[in-house]
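Chemist: Counting from 674, one number per residue, gives the positions in the sequence shown under my numbering.
Every residue, glycine too, gets a C-beta built ideally from N, C-alpha and C.
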Amino acid sequence: MRNFLRQVRISVSVSALLALLIGLALTALLFASVRRVESHARTLQFKQEANLRINAVSGGLADAIEQLMVINQLFNTFGVVEREQFRSFTAPLLARYPELQALSFQRLVSDAERPAYEALQRRRVPDFTITEFINERHVPARRRPFYNVVEYIEPTAGNGIALGLDTAAMTTYGDARSRSRRNGRVAATGLLSLVQYRGFHTGFLVLAPVYQRLAPQDTVRERQRAVIGETAAVFRVDHLIHTLLRNASLLDQPGMSINIYASGSAQATQLAFSNGKAESPSSATGTLPVWLLYNHAAPVNAVFQVAGEPWFIEVAQQPRSFIDTRAGSWYALLGGLLSSILMTVYIYDLVSRSSTIERVAGERTAALQFANLRLTEDLALRKRTEKALRLREKVIEVSANAVIICNAQGPDYAVEYVNPAFESITGYTSAEVVGKSLKSLHGAGHDQQNTEEISAALREQREGHVVLRNYRKDGSGYWNDLFIAPVRDEGGAISHFVVAQYDISAVMRFEAELEYQANHDALTGLANRHLLAERLSSAIAQAHRAGTELWVVFVDLDRFKFVNDTLGHEAGDAMLRVLGERIKGAVGEGDTVSRMGGDEFVLVLPGHPGDGDGLRLLQRIMDAVAEPLRIQAHEFFVTCSLGVAVYPADGANADTLTKHADIAMYRAKELGRNTYQFYRPDMNASTLERLRIEADLRHALERNELVLHYQPQIDVKSGAIVGMEALLRWEHPVLGVVSPLRFIGLAEEMGLIIPIGAWVIRTACLQNMAWQTAGMGRLRMAVNLSARQFTGKDLLQSVTDALQESGLAPGCLELELTESMVMSDVENTITTLRMLKQLGVHLAIDDFGTGYSSLSYLSRFPLDVLKIDQSFVRDIALGTDGAAIVVSIISLAHSLRLKVIAEGVETAEQLAFLREHGCDEVQGYFFSRPVGALEFASLMAHAPCTMA
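(1) Going by C-alpha to C-alpha distance, which of Leu-1425, Gly-1316, Ala-1393, Leu-1381 sits closest to Glu-1404?
(2) Report the residue from Phe-719, Tyr-825, Ala-729 whose alpha carbon sits nearest the alpha carbon of Val-753.
(3) Would you tell me roughly how many angstroms separate the C-alpha atoms of Arg-1202 and Glu-1478, rounded to the nearest one?
(4) When you compare each of His-1615, Pro-1603, Val-1495 to Pro-1413 by their alpha carbons, which one comes out closest?
(5) On the criterion of 16 or more Cβ atoms from any shown chain inside 10 Å, does Tyr-1019 qualify as buried, or is it exposed?
(6) Taking C-alpha atoms, which residue in Gln-1305, Arg-1289, Phe-1233, Ala-1327 lies nearest to Val-1275?
(7) Relative to the alpha-carbon of Ser-930, which residue among Ala-941, Ser-936, Leu-917, Ser-947 has its alpha-carbon at the smallest distance?
(8) Could you tell me which uninterrupted beta strand (DSSP E) segments, each at least 3 residues in length, are contained entirely in the region 1204 to 1270, listed from first to last along the chain?
(9) Under the three-state reduction of DSSP, which class applies to Thr-1049: helix, strand or coil?
(10) In chain order, what residues of the same chain have a beta carbon less than 6 Å from the beta carbon of Tyr-1101, not counting five sequence neighbours either side?
(11) Using beta-carbon positions only, say whether Ser-731 and Phe-985 come within less than 8 Å of one another.
(12) Relative to the C-alpha of Arg-1321, which residue among Ser-1391, Phe-1227, Leu-1223 is closest?
(13) Any idea what DSSP makes of Gly-1118, helix, strand or coil?
(14) On the CB-based measure, 16 or more other CB atoms within 10 Å of its CB, does Ile-1030 come out buried or exposed?
(15) Closest by CA to Glu-1378, which one among Asp-1335, Thr-1329, Lys-1390, Trp-1432?
(16) If we ignore side chains and look at the alpha-carbon of each, how far apart do Glu-1254 and Thr-1504 end up?
(17) Exposed or buried, Asp-1335, counting other C-beta atoms within 10 Å across all chains shown (16 or more means buried)?
(18) Buried or exposed for Ser-1314, please, with buried defined as at least 16 other CB atoms from any protein chain shown within 10 angstroms of its CB.
(19) Would you check if the region 1544 to 1563 and the region 1347 to 1357 touch, i.e. whether three or more CB-CB distances between them fall below 8 Å?
(20) DSSP state of Gln-758, grouped into three classes?
(21) Could you pull out every unbroken alpha helix (DSSP H) segment of at least 4 residues lying fully inside the region 1310 to 1386, listed in chain order?
(22) Spell out a yes or no on whether the region 720 to 731 and the region 914 to 924 are touching, meaning 3 or more CB-CB pairs, one atom from each, closer than 8 Å.
(23) Using a 10 Å radius around the Cβ and a threshold of 16 neighbouring Cβ atoms, would you call Gln-1174 buried or exposed?
(24) Output yes or no for whether 8 Å exceeds the beta carbon distance between Leu-1302 and Val-1251.
(25) Expressed to the nearest angstrom, what Euclidean distance is found between the alpha-carbon atoms of Tyr-790 and Gly-981?
(26) Tell me which same chain residues have a C-beta within less than 8 Å of the C-beta of Arg-1507, skipping the five on either side of it?
(27) Please classify Glu-1243 as buried or exposed, where buried requires at least 16 other C-beta atoms within 10 Å of its C-beta.
(28) Quick one, are the C-beta atoms of Gly-900 and Pro-882 less than 8 Å apart?
(29) Rounded to a whole number of angstroms, what is the C-alpha to C-alpha distance between Leu-1481 and Leu-1374?
(30) Across which residues does DSSP place Thr-1197 in a beta bridge pair?
(31) What is the DSSP secondary structure of Arg-1402, counted as helix, strand or coil?
(32) With burial defined as no fewer than 16 other Cβ atoms inside 10 Å of the residue's Cβ, what is the status of Ser-1113: buried or exposed?
(33) Based on the DSSP secondary-structure assignment, which residues constitute the bridge partners of Phe-977?
(34) May I have a chain-ordered list of the alpha helix (DSSP H) segments no shorter than 4 residues that lie completely inside the region 835 to 873?
(35) Along the chain, where does the alpha helix (DSSP H) that runs through Leu-625 open and close?
(36) The beta strand (DSSP E) that contains Phe-1609, what's its start and end?
Here's what the structure looks like:
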């Protein structure tokens, strides 16, 4: 029986639904049929109304243009009429057709006729002139072959501005005028802006040609020859069409729009007239046809002719909803919907009783099912909780971090559990710590700075976090990141604390290493700039409080670049490490030694007044650096230059003291190096000059500011000039001639000596070859080499290129080297000298006797000349020691089969002594100072040379 009732209920529900659907379908069908009939009727009515407006506009325009034909016929019949006749004839036409803006006659005037024509017109109209419209202004017309001048225009009121206007200058007239003259019929212009009413597309003109009476007009050529002007009707397009529609009572009808275009299609740029607005139906209809919901007919359009030009008119209707029209379809729809709803309500009432009974039964059943579901979920939750607890236990057991659980009862907070990681990290077993106080795990506490945070967290029963240094069972220390957090029981009370320890010993070591690297030089381990700034600032503050002095010493190694360039950077780094340790060992424990970079060190020496102890410390530093140094089987003797700035006399802050110590150091280098200098205020001026010279020296070569002077070398026996020494000079545009002593050292430090030296060799060779070509004989050109140039890799190539470019014989080039240069690295020196000797050049030792040459090494060098330093020559007349040294050098050179040249000969006595003891050649101011190339050539002209 229950199944039978359920089937009956379902059939009743389906019947109610089917009844509703059938009722809605019949309603929709009835509504669509009625709407179809109504839409068709509305469309026919709209088309009739649209055609009335199209006919009114096209007929009115044609009738208005017909008036122009009447005027044109007058001119073609009687010829050009007088102005008063034109006014009398057009007055009734303008009164009958008020939509006409104006009627005019435009005469064709040639450029030759223009003066006479303007004079004639001024009799009637004073100040008459042919004009054109440019930039919104009337101006006299520019000259052109022909003018189309507005001679008559009626009515003159409102149109007088056009009188005398040359329409030939208006390009918009051109096409219509050409067509009318060719075919002899009226022609309309496109839309244009009237001079009477400035604006966009305010009107148009219809033109009709006027020909000479009785002139032939059968062909295009004949008509163009016969034309004397044209009559024109001016229409203000919006006023014209508005008047035509208004007179026919067809204007401003609600829901209807009229758009007229002066073209054969709806082009927006040719819109001549627009009235009303008709929107398209809403897109909300979706897939339904428009006529079903709206009364909307398709726009009606047509093309008609205006003086031979096609015009397009479109009449459209505003769509209106069928609801707004109160049509019969609206009532059919409402009646159908109401009937369907009533039938649905009736069937729904039949099934509602059985639905209520079933709902109550379903609610009771659902309640029982929900209770069973909750019970099942509780059991599952309990199992998941137990599983999660077991998982947490496993996680704690296998965790790599130490975990401690203690109770919340103070003051001991006894440990109840530690995991295996705790045993592994600390070395204590679980049995050794369970039951003991938590505080006992932190050691004695004498070096613990954060244990108070742990105690506070326990007292206040809150979370805590500290970094501690703890100790293992074997006494070794370790750093750990410790977190402590309270654990609440089911009642919300705190019953335990859980402590997690993370071993961060490796991190702390890494941080310490980073801090060390951030404050120390990576190469020497000395303090770097950052640490120097901190310590110097601290030392200044301490000296200020104590009222004591403070020394800042700037140390720069002499000729360090020579070692770097000769043996490479690895050897240079090894030297810096050794010398850094020596300097550190020479100062006290409280002093700071830092490396600024390169070969520069800065020392902070507190508590060193200007007494003997401070000066002895400076000397101790210099002696420590000067000790022999062996690197890569080579022995070096390195010196250093020191600059000292004293606080507070030389500066009150770290930057000023360091800068002044640097300035003093450069002063020590200028004084010959291997010394120390205390800062003086006047050193700033020399430092600024040095900076200026450095900047200008970088561009001296490219600006051709470097020149060579030449000092002759005289054969002692014959007195003839046998060679010359090339000496570098710098002709500075502001400072004048700069001495080599002021810039050669700078060029060495700045690395410019290599290109400058190559330029000297090349220029000297070219000049020597030029003199030889000029017939001045074979001369030997002596050129000095710098230490850096001698050890450079490009020396041989530079010499070879200079000889090849100049064509100079190698035997005419002599390269001079100093004693210290050849003795710094004997083995490499011998190799380089032999390669130079293979080229065929001569080699000389300059300033002999001022260095520390070894005679055993000297005999191994492939030399040709020894040059006696001028200091020994100067001492010849002062005592027996100077003379004895000169005699010994001459004897030594001759025993080694070397020539001897004496430098700095300034007196006849010195020359006589040298001649007496067998010196081969001399040079000095006694014969000539160094002179330019032109002066040297003049000197040679009066003292011919020979080659010994």
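Modeler: In this structure, then:
(1) Leu-1381
(2) Tyr-825
(3) 50 Å
(4) Pro-1603
(5) exposed
(6) Ala-1327
(7) Ser-947
(8) 1223 to 1230, 1265 to 1270
(9) helix
(10) Lys-1146
(11) no
(12) First, the residue type needs correcting, since residue 1321 is Pro and not Arg in the sequence shown. The shortest Cα separation from Pro-1321 among Ser-1391, Phe-1227, Leu-1223 belongs to Leu-1223.
(13) In this predicted model, Gly-1118 has a pLDDT of only 49, less than 50, meaning its place in the structure is not dependable; the value taken from the coordinates is given anyway. Residue state, collapsed to three classes: coil.
(14) exposed
(15) Trp-1432
(16) 34 Å
(17) buried
(18) buried
(19) no
(20) helix
(21) 1327 to 1343, 1356 to 1373
(22) yes
(23) buried
(24) yes
(25) 33 Å
(26) Pro-1535
(27) exposed
(28) Correcting the residue identity first, residue 900 is Val in this sequence and not Gly. Taking 8 Å as the Cβ cut-off, Val-900 and Pro-882 qualify as a contacting pair.
(29) 23 Å
(30) Answer is none; Thr-1197 lacks a bridge partner.
(31) strand
(32) exposed
(33) Trp-984
(34) 844 to 856
(35) Residue numbering for the chain in the displayed model covers 674 to 1621; residue 625 lies beyond these limits and cannot be assessed.
(36) Looking at the DSSP string, Phe-1609 is not in any beta strand (DSSP E); the run it does join, the alpha helix (DSSP H), is 1606 to 1615.
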